[in-house]
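The next block holds one structure in the form of structure tokens; read it before the comments.
Number of protein chains: 2
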Amino acid sequence: MGRAGSGRPTIADVAARAGVSVGAVSAAVNGKGRLSEATRLRVLAAAAELGWAPSAAAVALRGARVGALGLVLRRDPDLLSSDPHFAQLVTGVESALAPLGWGLLLHLVDDGGEERAYRALAAGRRVDGVVLTESRVRDPRFALLRELGLPAALVGTPWRPDPVPTVRARDQHRGITRAVEHLVGLGHRRFGHVSGPEDRVHTRRRRAALRRALGAHGLVPVCVRASGFDPGAAAVAARELLTSAERPTAVLFANDSMAAAGLVTARRLGIDVPGELSVVGHDDLPLCELLHPALTTVRQDLVGLGRAAAVTLLAGLGVVDGAGLEEVRPPELVVRESTGPAPR
Amino acid sequence: MGRAGSGRPTIADVAARAGVSVGAVSAAVNGKGRLSEATRLRVLAAAAELGWAPSAAAVALRGARVGALGLVLRRDPDLLSSDPHFAQLVTGVESALAPLGWGLLLHLVDDGGEERAYRALAAGRRVDGVVLTESRVRDPRFALLRELGLPAALVGTPWRPDPVPTVRARDQHRGITRAVEHLVGLGHRRFGHVSGPEDRVHTRRRRAALRRALGAHGLVPVCVRASGFDPGAAAVAARELLTSAERPTAVLFANDSMAAAGLVTARRLGIDVPGELSVVGHDDLPLCELLHPALTTVRQDLVGLGRAAAVTLLAGLGVVDGAGLEEVRPPELVVRESTGPAPR
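Protein sequences appear in the order of chains B and V. Here full-length UniProt numbering is used: position 326 in the first sequence is 326, and no number is missing along the way. Here full-length UniProt numbering is used: position 231 in the second sequence is 231, and no number is missing along the way.
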């Protein structure tokens, strides 16, 4: 590996050794340009002698793969660590990339920085494609990525039909339906829901799924609150629900850490879970088993979704054979200790 | 931005328009090569007409910054999502990178893939430097990175003095000392410790810090178990401690999710926390406040550590002024509900 002493060889070293310009080395390696075969061979010989190999940068210049996917997350960096999805999704993406030696280029941006980040990724050819998450209502990313010619795959449901490939579980609202059946079977009739933010596609779709599932039993939710994904906001929403005139006996939360905040809120209000209140989370993060009572939740295959998004992109790029893409597991209800018979 | 229709312009388009080779365009943009000034200007004019700008790849070729740091994590992708440090550390790194428009290139590798990943990052010039975490006993990364000429900054303490810049809190074992003082003040005399894996530098250093802190009160730990960082392994270690002949009345865990698993284990064994057992975590993840009882823990500024590592690297690269590097907050004890008077 390299020459002793002064670090790795550069294209300039190769050019000097071969007695040509840097541009000629680039041309020789790329097999383009207008070099004589003799010059081309002299350059390649110099490169071999010095142990120089064209870098990913050079490879990118001639249109091959960079070996990285991008993930641009639009949020305050401080909120990342409380994001329940992030680590699981990255885990899934990495499980597809790691065997290929590919990496995941992560960019955190604020609202204004999102478009700039995608333009920089495309113009700089820093990634071969991007994974999109958190599908938004009137999502501007699809048009932008088409303009940039940057391949993408979306985890979730686009706000309207779009040519960007999407990955999601088959029968993706089955978990919510099962949760409602479980709770109705336990005698619950007054349901509350603490949903995610209004601008997320899944907030609206899950709320609709909940209404459909309740409607099948002749029920409607007694109270619904939209909330940010962080436990603090969820605690505020939970307190509103649990101190309202028509207090629900069962509350479904948009994710597990919001449900965990709901458990804390109930405890502070002196409301016993599951004796007086049943609580259901969403996602089934490792957290659920560590809570007391352990959290009943709708398991979502977040790792599988991240993996499927990466494999879909890689298959589209011709890097892997997409035929082997395993299906994302459909959501299922995991019953633990936070749900019980409705109070009389 | 670009021509209508067929995506962004390429270096080949510029070469064709200027009537030169691709290599000549590269040479013109890099200001190297042996082009006449006339040719150089013709190339730059063509580039401007087409809206083509040299990509990050091209910039990297001529030695400027790529605009990315690397983070190579050596672990099973499946374990990432249960890693308590990962999201916090990435949050800190991103908080330094985001304002610059820089990204973080993440690579998950197995044991054998680590060296290969670093070599690929260096050879491909994919990053400007790497953040190292999880300092290991006989860590092979320092020598490797020196050989590769890849700048690095380590979060934590190196296993032996090393020229790689390191970031850590001042007075980094103060939190453990405070935890021991708190528990001794509550009457505890029988201490247990569930540490991290043996090959981590901090496992050994924290164990030594605990022994020193106990020694100051004429005490020694009654039982110590090494454990993997995942809750399952921690639960096994906790069960061993809590069913041993000389059961401790206070147990310190290496991180918060391990301590959460300890709470679950105690509950299953019918041991009341904090009535019969005090439990202390480490890190102060958001999880702590969601547990019941809420977890007393040693707060570590993981976000600050990640940020400091990134800023140190960026300052070393001359990208930011390191003089403004704020200090990492020293560890402190956060007392919640999981610690109480020793049982009589």
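Backbone N, C-alpha and C fix where the C-beta goes; we use that ideal spot for every residue, glycine too.
Using the Cα positions of residue i and residue j, report the straight-line distance between them to the nearest angstrom.
i, j, result
"residue 227 of chain V", "residue 195 of chain V", "6 Å"
"residue 288 of chain V", "residue 26 of chain V", "55 Å"
"residue 218 of chain V", "residue 183 of chain V", "14 Å"
"residue 61 of chain V", "residue 254 of chain V", "Note that residue 61 of chain V has pLDDT 49, beneath the 50 cutoff, so the model's placement of it is unreliable and the number below is only indicative. Answer to the nearest angstrom: the Cα atoms are 44 Å apart."
"residue 110 of chain B", "residue 117 of chain B", "10 Å"
"residue 252 of chain V", "residue 170 of chain V", "21 Å"
"residue 127 of chain B", "residue 98 of chain B", "15 Å"
"residue 230 of chain B", "residue 260 of chain B", "11 Å"
"residue 73 of chain V", "residue 107 of chain V", "6 Å"
"residue 191 of chain V", "residue 247 of chain B", "45 Å"
"residue 262 of chain V", "residue 295 of chain V", "11 Å"
"residue 88 of chain V", "residue 21 of chain B", "47 Å"
"residue 92 of chain B", "residue 206 of chain V", "33 Å"
"residue 266 of chain B", "residue 143 of chain V", "54 Å"
"residue 290 of chain B", "residue 292 of chain V", "9 Å"
"residue 272 of chain V", "residue 188 of chain V", "15 Å"
"residue 347 of chain V", "residue 155 of chain B", "Outside the displayed span of chain V (1 to 344) sits residue 347 of chain V, for which this structure offers no information."
"residue 303 of chain B", "residue 307 of chain V", "27 Å"
"residue 344 of chain V", "residue 300 of chain B", "46 Å"
"residue 150 of chain V", "residue 121 of chain V", "9 Å"
"residue 312 of chain V", "residue 321 of chain V", "9 Å"
"residue 69 of chain V", "residue 145 of chain B", "24 Å"
"residue 241 of chain B", "residue 198 of chain B", "18 Å"
"residue 329 of chain V", "residue 179 of chain V", "17 Å"
"residue 337 of chain V", "residue 85 of chain B", "28 Å"
"residue 17 of chain B", "residue 147 of chain V", "23 Å"
"residue 193 of chain B", "residue 341 of chain V", "40 Å"
"residue 114 of chain V", "residue 286 of chain V", "30 Å"
"residue 157 of chain V", "residue 270 of chain V", "39 Å"
"residue 233 of chain B", "residue 274 of chain B", "22 Å"
Residues bridged to residue i by DSSP?
i, result
"residue 277 of chain B", "Bridge partners of residue 277 of chain B: none, in fact."
"residue 253 of chain B", "B:194"
"residue 103 of chain B", "B:68"
"residue 131 of chain V", "V:71, V:153"
"residue 136 of chain V", "V:200"
"residue 334 of chain V", "V:297"
"residue 108 of chain B", "B:73"
Would you decide whether residue i is buried or exposed? Buried here means 16 or more other CB atoms lie within 10 Å of its CB.
i, result
"residue 278 of chain B", "buried"
"residue 66 of chain V", "buried"
"residue 243 of chain V", "exposed"
"residue 200 of chain B", "buried"
"residue 327 of chain B", "exposed"
"residue 339 of chain B", "buried"
"residue 94 of chain B", "buried"
"residue 220 of chain B", "exposed"
"residue 15 of chain B", "buried"
"residue 13 of chain V", "buried"
"residue 210 of chain B", "buried"
"residue 125 of chain B", "buried"
"residue 235 of chain V", "buried"
"residue 160 of chain V", "exposed"
"residue 264 of chain B", "buried"
"residue 256 of chain V", "buried"
"residue 28 of chain B", "buried"
"residue 335 of chain B", "exposed"
"residue 245 of chain V", "exposed"
"residue 135 of chain B", "buried"
"residue 216 of chain B", "exposed"
"residue 331 of chain V", "buried"
Practice task
Pair every Cβ in the segment 121-137 of chain V with every Cβ in the segment 275-293 of chain V, then say whether three or more of these pairs are closer than 8 Å.
Solution key: The answer is no - the segment 275-293 of chain V does not touch the segment 121-137 of chain V, with fewer than three Cβ pairs under 8 Å.
Practice task
Give a yes or no on contact between the segment 312-331 of chain B and the segment 165-173 of chain B, applying the rule of three or more CB pairs nearer than 8 Å.
Solution key: The segment 312-331 of chain B vs the segment 165-173 of chain B: in contact.
Problem - Ordered list of alpha helix (DSSP H) runs contained in the segment 163-242 of chain B, each at least 4 residues - result: Qualifying alpha helix (DSSP H) stretches, in chain order: 174-185, 201-215, 231-242.
Problem - Secondary structure, alpha helix (DSSP H): runs of 4+ residues fully inside the segment 272-329 of chain V - result: Secondary structure remark: continuous alpha helix (DSSP H) runs of at least 4 residues inside the segment 272-329 of chain V, in chain order: 287-290, 302-316.
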